[in-house]
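Using our numbering, read the sequence shown as starting at 0 and increasing by one per residue.
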Amino acid sequence: MARITAEEKEQKKNQYDALIFQIFTEEGWDAVTYDRLAKELDIGKSSLQRYYPSNLFFATALQGKVFPLAIQKLDLSSKSAFIQSWLTAYHDENDHIFHEVIRMLMANIMNHGGAPATKSAIGRLIALLAQTLGEDDAKDAVITALGYTIYSYIEQ
Numbered sequence: 000m001a002r003i004t005a006e007e008k009e010q011k012k013n014q015y016d017a018l019i020f021q022i023f024t025e026e027g028w029d030a031v032t033y034d035r036l037a038k039e040l041d042i043g044k045s046s047l048q049r050y051y052p053s054n055l056f057f058a059t060a061l062q063g064k065v066f067p068l069a070i071q072k073l074d075l076s077s078k079s080a081f082i083q084s085w086l087t088a089y090h091d092e093n094d095h096i097f098h099e100v101i102r103m104l105m106a107n108i109m110n111h112g113g114a115p116a117t118k119s120a121i122g123r124l125i126a127l128l129a130q131t132l133g134e135d136d137a138k139d140a141v142i143t144a145l146g147y148t149i150y151s152y153i154e155q
């Protein structure tokens, strides 16, 4: 079997990343699976695992793409406005992107503390919010919003 060049590998990764982003935005995080990707790409799951060692690494395909979509839904003017806008966006039945971004973050956090991309996203959110609220209130607001998100799973 011929080895692929670094350029070909990068092209394949970009193709796979684009499909992950498409499935994620159209159907949600739960639809992004090895089986689904392998079927759509007409390749074996083992080929995908060379690029994404575990399903946590699917989040790397979304890096830099979903944060801007999610952040536009949030009101960063105060702690209470942030939390309320988070809850409103999370439960918005007409736009599932924020909900799916948070579900992905939660799934990654719950799985051994999350992938580096997940930790980075939370850190960026806190840093952005800290510009208005200060570091401590920003962390508290994000922790509170994440707590409400976890609690909402109980009510489902």
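Every residue, glycine too, gets a C-beta built ideally from N, C-alpha and C. The structure presented is a predicted model; accordingly, all values stated were derived computationally and were not measured.
Candidates the options: closest to residue i by CA position
i, options, result
"residue 119", "86, 66, 90 and 130", "66"
"residue 143", "2, 125 and 72", "125"
"residue 109", "78, 6, 80 and 148", "148"
"residue 75", "4, 33, 24 and 132", "132"
"residue 48", "8, 33, 106 and 135", "33"
"residue 88", "17, 145 and 153", "145"
"residue 16", "136, 90, 31 and 121", "31"
"residue 90", "151, 2 and 7", "151"
"residue 94", "25, 127 and 39", "25"
"residue 127", "103, 46 and 78", "78"
"residue 11", "135, 60 and 35", "60"
"residue 20", "53, 46 and 64", "64"
Local Cβ density within 10 Å of residue i, reported as buried at 16 or more and exposed below that
i, result
"residue 51", "buried"
"residue 153", "exposed"
"residue 42", "exposed"
"residue 38", "exposed"
"residue 3", "exposed"
"residue 137", "buried"
"residue 5", "exposed"
8 angstroms Cβ cutoff met for residue i and residue j
i, j, result
"residue 101", "residue 140", "no"
"residue 62", "residue 116", "yes"
"residue 58", "residue 13", "no"
"residue 99", "residue 28", "yes"
"residue 96", "residue 68", "yes"
"residue 40", "residue 55", "no"
"residue 85", "residue 73", "yes"
Taking only runs that begin and end inside the region 117 to 148, name each unbroken alpha helix (DSSP H) of 4 or more residues, in chain order.
none
What are the uninterrupted segments assigned as alpha helix (DSSP H) that are 4 or more residues long and contained completely in the region 69 to 101, given in chain order?
If we require 4 residues or more, the alpha helix (DSSP H) runs fully inside the region 69 to 101 come out as 78 to 89.
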